[in-house]
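Asker: This is the structure I have questions about; it appears just below.
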Amino acid sequence: MDSPRASELLKDWRDAPGDKTLGGLIDTIGLRSFALLFIILLGLPALPIPTGGVTHVLEIVAMLLALQLIVGRKTVWIPQRWRKTEFEEGAKAKFIDGLINTTTKLERFSKPRFTWLFGYWWSDVLYGVAVFAGTLAAFLAPPFTGLDTIPALGVVILSVGVIMEDIAFVIGGAIVIAAGAIIEVTLGDAVYRAVKSLL
Numbered sequence: 004m005d006s007p008r009a010s011e012l013l014k015d016w017r018d019a020p021g022d023k024t025l026g027g028l029i030d031t032i033g034l035r036s037f038a039l040l041f042i043i044l045l046g047l048p049a050l051p052i053p054t055g056g057v058t059h060v061l062e063i064v065a066m067l068l069a070l071q072l073i074v075g076r077k078t079v080w081i082p083q084r085w086r087k088t089e090f091e092e093g094a095k096a097k098f099i100d101g102l103i104n105t106t107t108k109l110e111r112f113s114k115p116r117f118t119w120l121f122g123y124w125w126s127d128v129l130y131g132v133a134v135f136a137g138t139l140a141a142f143l144a145p146p147f148t149g150l151d152t153i154p155a156l157g158v159v160i161l162s163v164g165v166i167m168e169d170i171a172f173v174i175g176g177a178i179v180i181a182a183g184a185i186i187e188v189t190l191g192d193a194v195y196r197a198v199k200s201l202l
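So this is what it looks like as structure tokens:
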């Protein structure tokens, strides 16, 4: 494949000199791939590690980027304040290594399929809509339940499929996103009914 894999791009960014902030990441690869940014932004909530509350910030950034993709932007923009988000502290430093390992494993099962479906404005819009939906589901997940990991993982799988131009991964990611949202709604309704019955 002529295009580099997501894991290769992540390794290049991790090993390159310079700061490991969100702004530094965007300056390095932002113009090359929205998909890689979504893998990194949703990779943290997709992994079962303590995050120190940074996941909501990353999810908001991801939704902003998804909206930019939906309206047809080809370049990435985020507020200066968010550009300073660090990836070098505590668990977040280990997150990059864990994300590289996870992405590498996913790529072993992925290969180009139906590549002619990718690269069009309408496919980018559909991708943006799916990412926005999955990220919103992760953002709205009840705290401390771990339910945000399901839709977030779906976005990661979907984005690997976009980079690899693999329609099977794209469909699989969309299914995981939908399943995560359904589980959230089902459990949320069950909790609501249980609390209501006690009142």
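Residue numbering for the sequence shown follows the numbering used here, beginning at 4 and increasing consecutively.
Backbone N, C-alpha and C fix where the C-beta goes; we use that ideal spot for every residue, glycine too.
Of the residues ALA197, MET167 and GLY175, which one's Cα is nearest the Cα of GLU110?
Answerer: Selected option, being the one with the closest Cα: MET167.
Asker: DSSP has ASP169 in a bridge; who is on the other side?
Answerer: Beta-bridge pairing links ASP169 to ARG116.
Asker: Determine the direct distance from the alpha carbon of ARG196 to that of GLY46, and round the result to whole angstroms.
Answerer: Whole-angstrom Cα-Cα distance: 32 angstroms.
Asker: State the beta-bridge partners of THR3 as determined by DSSP.
Answerer: Residue 3 falls outside the range modelled here, since the chain spans only 4 to 202, and no answer is possible.
Asker: Using 8 angstroms for Cβ pairs, my map puts ILE43 next to LEU102. What's the rounded Cβ distance?
Answerer: Rounded, the Cβ-Cβ distance is 7 angstroms, consistent with contact.
Asker: Leaving out five residues on either side along the sequence, give the residues of the same chain with a beta carbon under 6 angstroms from the beta carbon of TRP125.
Answerer: So no residue of the chain qualifies.
Asker: Return helix, strand or coil for ILE81, following the three-state DSSP convention.
Answerer: Looking at ILE81 - three-state DSSP - the assignment turns out to be coil, as it is neither helix nor strand.
Asker: What does the Cβ neighbour count give for TRP80, buried or exposed, with the cut at 16 atoms within 10 Å?
Answerer: By the neighbour-count rule (16 or more Cβ atoms within 10 Å), TRP80 is not buried but exposed.
Asker: Compute the beta-carbon to beta-carbon distance between MET66 and LEU13, rounded to the nearest angstrom, for a pair I have assumed lies under 8 angstroms.
Answerer: Not quite, the Cβ-Cβ distance comes to about 22 angstroms (not below 8 angstroms), so this is no contact.
Asker: So the candidates are THR107, GLY21 and GLY131; which of them puts its Cα closest to the Cα of GLU89?
Answerer: Measuring from the Cα of GLU89, the nearest candidate turns out to be GLY21.
Asker: Checking 8 angstroms against the spacing of the C-beta atoms, do LEU150 and GLY183 come in under that value?
Answerer: A contact, by the Cβ cut-off of 8 angstroms.
Asker: Does the distance from the CB of PRO154 to the CB of GLY191 come in under 8 angstroms?
Answerer: No. Outside cutoff.
Asker: Near LEU72, which residues of its chain fall below 8 angstroms by C-beta distance, leaving aside the five closest residues on each side in sequence?
Answerer: Excluding residues within five positions, the ones whose Cβ falls inside 8 angstroms are PHE37, ASP127, VAL128, TYR130, GLY131 and VAL134.
Asker: How is PHE98 classed by DSSP in three states: helix, strand or coil?
Answerer: Helix, per DSSP.
Asker: Tell me which same chain residues have a C-beta within less than 8 angstroms of the C-beta of VAL159, skipping the five on either side of it?
Answerer: So the list reads PHE41, ILE42, LEU45, GLY46, ALA49, THR105, THR106, LEU109 and GLY176, once near-sequence residues are dropped.
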